[in-house]
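A.B. asks:
Residue numbers (the numbering used here), protein chains in the order written: chain Z, 1 to 221; chain H, 1001 to 1077.
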């Protein structure tokens, strides 16, 4: 599987994602600068990394979502190419309109940086097929603005359509209905605040994040 | 033409920063503060022939996230 990691000014988890993707797929991803307008041909996964792109100016992810490469990402997502946004990448995906809702300041106002327990709410998606339904996994979070917000109708729709991929199994940031990660309606775009790329081998203290990438690899080939 | 664009959180959207400021005001002895809501102000110089439609588009496409925020445009001069 050919993969691409988008690099925005202020991304700081792009290298973590690259290491994880290379470990799982055997091939280093293409690192695509935000100012580029094209993505590699036949890319099997586009990953948007964590970080503080544009210093979180205006709103987290707001400026990045309007960068040239995002037009190509939106087009690719529309063609069914899998897109994964982690942390700041999730914020960019909501700002770009690829996912509904918004990520707001954590309810406790603190930056939260620790391993948290997540429940796999949908184990049938492109990204979660290697997890068991309702399985609890441990993956780290590191964010100040991860408090998921959407209106009640949108939340009902996300839940009704099985588009909540992960929920927090403990209090973390005040997210509506404990949402930690959501899918788009076609199921090929996942945004999540926790960092699966930081839990892919024993030295990370666990490998619960690895199955996300392995499941994708198996599905995409 | 000078514009002042005021962006505020929609009603019903939790504003933890506003809440913290509200508590801090109470801590300073200012009683009777019922609620604090935070927001942003943009002061923008635009060409005089900028249409209302273009200004509205600027707000919707970038300055405000209409999922969580409202905006109001004031013409200053």
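Beta carbons are placed, not taken as given, at the ideal position from N, Cα and C, and that holds for glycine.
For residue 163 of chain Z, go through chain H and note every residue whose CB falls closer than 9 Å to its CB, in chain order.
C.D. replies: Here the question's residue 163 of chain Z lines up with position 163 in the first chain. Result: empty, since nearest Cβ-Cβ is about 16 Å, beyond 9 Å.
A.B. asks: What is the DSSP secondary structure of residue 29 of chain Z, counted as helix, strand or coil?
C.D. replies: Looking up residue 29 of chain Z in the first chain gives position 29. Note: residue 29 of chain Z maps to coil in three-state DSSP.
A.B. asks: CB residue 1022 of chain H to CB residue 1033 of chain H, shorter than 7 Å?
C.D. replies: Translated into positions along the second chain, residue 1022 of chain H becomes position 22. Translated into positions along the second chain, residue 1033 of chain H becomes position 33. Contact flag set, yes.
A.B. asks: Spell out whether any CB of chain H is found under 7 Å from the CB atom of residue 102 of chain Z.
C.D. replies: Your numbering for residue 102 of chain Z matches position 102 in the first chain. Yes, residue 102 of chain Z lies at the interface with chain H (some Cβ there is under 7 Å from its Cβ).
A.B. asks: Determine, for residue 149 of chain Z, whether the minimum Cβ-Cβ distance to residues of chain H falls below 7 Å.
C.D. replies: Here residue 149 of chain Z corresponds to residue number 149 of the first chain, with the count starting at 1. For residue 149 of chain Z, the answer is yes, since a Cβ of chain H falls inside 7 Å of its Cβ.
A.B. asks: Closer than 7 Å, CB to CB, is residue 1041 of chain H near chain Z or not?
C.D. replies: Here residue 1041 of chain H refers to the residue found at position 41 of the second chain. Cβ-Cβ to chain Z under 7 Å: no for residue 1041 of chain H.
A.B. asks: Return the residue from the list Z:202, Z:155 and Z:173 that minimises the CA-CA distance to residue 182 of chain Z.
C.D. replies: Within the first chain, the letter at position 182 stands for residue 182 of chain Z. For the residues Z:202, Z:155 and Z:173, the minimum Cα distance to residue 182 of chain Z belongs to Z:155.
A.B. asks: Could you pull out every unbroken beta strand (DSSP E) segment of at least 3 residues lying fully inside the segment 2-57 of chain Z, listed in chain order?
C.D. replies: The segment 2-57 of chain Z contains these whole beta strand (DSSP E) runs: 3-7, 30-33 and 45-48.
A.B. asks: Roughly how many whole angstroms lie between the Cα atoms of residue 6 of chain Z and residue 34 of chain Z?
C.D. replies: One-based indexing of the first chain puts residue 6 of chain Z at position 6. One-based indexing of the first chain puts residue 34 of chain Z at position 34. Taking the straight line from one Cα to the other gives about 6 Å.
A.B. asks: In the DSSP assignment, what are the bridge partners of residue 1042 of chain H?
C.D. replies: In the second chain, the residue the question calls residue 1042 of chain H occupies position 42. Answer is H:1005.
A.B. asks: Flag residue 1065 of chain H as yes if its beta-carbon sits less than 7 Å from any beta-carbon of chain Z, otherwise no.
C.D. replies: Translated into the one-based positions of the second chain, residue 1065 of chain H becomes position 65. It does; some Cβ of chain Z falls within 7 Å.
A.B. asks: Roughly how many whole angstroms lie between the Cα atoms of residue 294 of chain Z and residue 23 of chain Z?
C.D. replies: Given that chain Z is displayed from residue 1 to residue 221, the structure contains no residue 294 of chain Z and the question cannot be resolved.
A.B. asks: Measuring CB to CB, does residue 175 of chain Z end up less than 7 Å from residue 207 of chain Z?
C.D. replies: The residue given as residue 175 of chain Z occupies position 175 in the first chain. The residue given as residue 207 of chain Z occupies position 207 in the first chain. No, the pair does not count as a contact, with Cβ atoms beyond the cut-off.
A.B. asks: Using a 10 Å radius around the Cβ and a threshold of 16 neighbouring Cβ atoms, would you call residue 1031 of chain H buried or exposed?
C.D. replies: Counting from 1 along the second chain, the entry for residue 1031 of chain H is found at position 31. It is exposed - the Cβ of residue 1031 of chain H has fewer than 16 other Cβ atoms within 10 Å.
A.B. asks: Is there contact between the segment 35-47 of chain Z and the segment 79-94 of chain Z, where contact requires at least three CB pairs shorter than 8 Å?
C.D. replies: With a cut-off of 8 Å, the segment 79-94 of chain Z and the segment 35-47 of chain Z count as touching, because enough Cβ pairs lie within range.
A.B. asks: Counting C-beta neighbours from all protein chains within 10 Å, is the total for residue 87 of chain Z 16 or more, i.e. buried, or is it exposed?
C.D. replies: Mapped onto the first chain, residue 87 of chain Z falls at position 87. Label assigned to residue 87 of chain Z: buried.
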